[in-house]
Each structure stands twice: as structure tokens, then as C-alpha cells.
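Numbering (our numbering), first residue to last: 3 to 167.
Don't be surprised by glycine CBs; every beta carbon is placed ideally from N, CA and C.
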């Protein structure tokens, strides 16, 4: 897994700073997808190194989705050397993650701890992509973000379970 969890945590801190509406783990995955897509389209590379897979409901982040599912399921790890333990701990160094039980599902809610968004870890082009996407979609619902994924030809034409980014 070659993914930058410090940058992911900082992007989530930025989302909190910008007061993104109804911010949960699904919305974070979708906003990160659009950040990665925007940066790839304009700069030829990804910011975080995350892989995105088409699902029947949109796209999911391969690593982040697995980590969020492990947190939701409150999985206890036998092997402390597991990369996923390190990744989850790195997120929790920056963010408080709360499991919220709804009537039919559970979701993760995020709040900041002591750290503020650190823009120095991003290039100016990465910051432009992040600012653009978060400002564009901060008031958009998860359902509408998922629908926006399907407006992309690459996503529409791909089979479920295939890598789209």
C-alpha cells in the first residue's frame, strides 16, 4: 500500500475547516476521488496514491474504504505490524473518529484534535486541486456526489469491481 495517510488526514482537516456539510466516511472517499481525479487531469499524477474502484453506488477508495470498514466493525488486530494498524493510528493522530449508529446503518463522523490543516505538506498545484474540489462540492450530498461519479464516462463504461482511477 503506497498511500500518504498524513496527506489524507490533512485533507480531512481541511474539509472540517471548510465546514463541509454532512461529512462522513462516504463523503470523504468521494471528495478525495474528485481531488485525485482533478489533480491527475491537470497535473498528470495523483496527490495521495489512492486507488478507486467502481461499485454499483459510485466509486470507493480501495485502502480508505477498508480502513473505514475496519473502524466501523471495531476490528481488533492480532498483528501490531499490520500496515492497516499504522494507517488507522496515523488518521487518529490527527482526527477523532466517532462511530454513529443510525437506524439502518453506521457511519463515521470526524472532528479535529489539536492539529490544524498543514498546507506545507502539499505542493501549490496539490493545494489548488484540493481547494477547487472542496469548494465546489462542500455542500453536495453523498448521493449527488455518487451521481456525479456516474457522469464520468470512465466510470460509466467500467464494470463494477474494476479500477477507475
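Sequence-distant residues of its chain with Cβ nearer than 7 Å to residue i (five each side left out)
i: residue 6; result: 50, 51
i: residue 115; result: 96, 97, 98
i: residue 70; result: 27, 110
i: residue 63; result: 31, 34, 35, 52, 54
Identity of the residues DSSP links to residue i by a beta bridge
i: residue 61; result: 56
i: residue 26; result: 111
Where residue i falls: helix, strand or coil (DSSP)
i: residue 112; result: strand
i: residue 5; result: coil
i: residue 165; result: strand
i: residue 77; result: coil
i: residue 159; result: helix
i: residue 117; result: coil
i: residue 91; result: helix
i: residue 31; result: helix
i: residue 85; result: helix
i: residue 142; result: coil
i: residue 10; result: helix
i: residue 50; result: coil
Limits of the alpha helix (DSSP H) - the one that residue i falls within
i: residue 97; result: From DSSP, residue 97 is part of no alpha helix (DSSP H) but of the beta strand (DSSP E) over 97-103.
i: residue 134; result: 126-139
i: residue 1; result: There is simply no residue 1 to check, as the chain begins at 3 and stops at 167 in what is shown.
Contact with chain D by residue i, beta-carbon distance below 8 Å
i: residue 150; result: Annotation note: the requested chain D is absent from the structure, which comprises a single protein chain.
Contacting residues, own chain, Cβ-Cβ under 6 Å from residue i (five flanking each side not counted)
i: residue 102; result: 109, 111
i: residue 42; result: 48
Close beta carbons around residue i, own chain, < 8 Å, minus the five adjacent residues each side
i: residue 65; result: 3, 5, 52, 53, 89
i: residue 124; result: 9, 12, 49, 132
i: residue 159; result: none
**Prompt:** Are the region 104-111 and the region 142-151 touching, with three or more C-beta to C-beta distances below 8 Å?
**Reply:** no
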